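For reference, the structure discussed in these notes is given below.
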Amino acid sequence: MDEVLVITGKVRLTSREDPSHPIIISAGQKATILRNKLSVSGLGTPNFMSWKTGLLEFHQTPLDQVALDISDHYRTKVSLAPALQTEAGVIKVTAHFDHQPLDQVLEEIKLTTGLQVKREKDTLFFVRQ
Amino acid sequence: MRIRLLYSLFIFYFLLSAIRLPAQKRSMLYRPFRTHLQKGTIKEFLDEINAVSGVQIEYASVSFQDSRIISPASETLTLGALLQQVLSGEKVKAIEKNDKIILVPSTLPLAGDALLPRYSFFGMVGEEGSREPLHDAVIYEPATHRAAITNAYGYFSMLLPEGRHQLEISYAGYATRRLEVELHWDLRNDISMPRKEYIPEVIVTAGDGIKKNAIDKILPGQYDAYNNFSEKMTHCARSSFFPA
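As you go down the protein sequences, you meet chains A and B in turn. 1 is the number of the first residue of the first sequence in the numbering used here; add one for each residue after it. 1001 is the number of the first residue of the second sequence in the numbering used here; add one for each residue after it.
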């Protein structure tokens, strides 16, 4: 899967298989190529630039999205324990991380949510104790 | 000459900056902050703090009912005082970590003054007119049972949470003073105590309950409210010096 995210301006994309139908995406959109199919959607998370800015911002963000953004930013698999999946949307996190190491980020989320973090193989899981 | 003056001025400012450093380490709850909201949900108040105050508050929606509507009862001047009103009664604790305030779910509701900044209330207690310091005068807050006692110089100091306090200052033989203070910073307040104009007469009489058969050993003419005890003592002393 490849993605193109546009912050300012416009980008024209054509797929190699179908050069006659270019698509144009503008600021605030992203295009995803999955199995040679181009699809356009909104940016979703505001943290797509965190790799550059070092900032992770969550504003009433559901915990599963928080886990995804942290996974992307720190290149570590972070997920929710299966028992928590159902209530992931209810747990909404408001936090602001500025160039903080992963262990501090996890510690702060543990504190606000009252959850614990367990490591299994190469994945970190949020669990309820 | 001018260079030396500049040099000493430089040293002076350097020292001044060294003195001010610890003050900056004070809790984030002491930061001055005024809300522009008169009424709003807990979430709206927290959003405003996060956007405007420069202090980040982190929380999860599971910790408390963030849609509860709050209208602060009194005007607050610091972040701590505002948070205290906004989170009043919620089962939450505030922890300061990594330069942020983190709201942690708790089993107990937030205590009435947990987030309030504390200030020093201090001063001298002296007699009205003469200004003679009063040692061991009591400064007492009936509502919270907090108290302080003056030292030999009449000085007292106590830490009180931000807000209005009603205090009583008392000293034997002096009229009790009542004082209302509003703390938003460290406050000095010297108190002068008026002497009681009229102290009713008190008669102290010796009881004879504790002494065993005391009456039997005293001759009738010796009995007196004040000297029966000492008479007995001298009698005993005499008998040991001149054994019979």
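Using N, Cα and C, we set each Cβ at its ideal position, and we do this for glycine too. Since the model is a prediction, treat every value here as computed from it, not as a measurement.
Residues of the segment 1083-1105 of chain B with a Cβ closer than 8 Å to any Cβ of chain A, in chain order: I1095, K1097, N1098, K1100, I1102, L1103, V1104, P1105. A95(A) carries a strand assignment under DSSP once its states are collapsed to helix, strand and coil. In the structure shown, T1035(B) adopts coil according to DSSP, grouped into three states. With a cutoff of 8 Å on beta-carbon distance, V1181(B) and L1167(B) are scored as near each other.
Non-local beta-carbon contacts of Y1059(B) in its own chain, meaning distances under 6 Å to residues more than five positions away in sequence, involve L1103 in chain order. In the structure shown, the three-state DSSP call for P62(A) is strand. A1081(B) sits buried, since 16 or more C-beta atoms from the chains shown fall within 10 Å of its C-beta.
In the three-state reduction of the DSSP assignment, M1028(B) falls in the helix class, which pools H, G and I. For A95(A), the nearest CB of chain B lies under 8 Å from its own CB, placing it at the interface with that chain. DSSP lists V1104(B) as the bridge partner or partners of K1093(B).
The three-state reading of DSSP puts K118(A) in strand, counting E and B together. The beta strand (DSSP E) runs of length 3 or more contained entirely in the segment 1131-1159 of chain B are, from start to end of the chain, 1138-1141, 1146-1149. If you draw a 10 Å sphere on the C-beta of I1199(B), you find fewer than 16 other C-beta atoms in it, and that means exposed. Of all residues in the segment 1058-1087 of chain B, only E1058, Y1059, A1060, S1061, V1062, S1063, D1066 come within less than 9 Å of chain A when Cβ atoms are compared, listed by chain position.
Put simply, the backbone Cα of L38(A) is about 28 Å away from that of L63(A). Contact between V78(A) and I70(A) holds, since their C-beta atoms are separated by about 5 Å, short of 8 Å. With respect to chain A, the C-beta atom of Q1056(B) has a partner C-beta closer than 8 Å.
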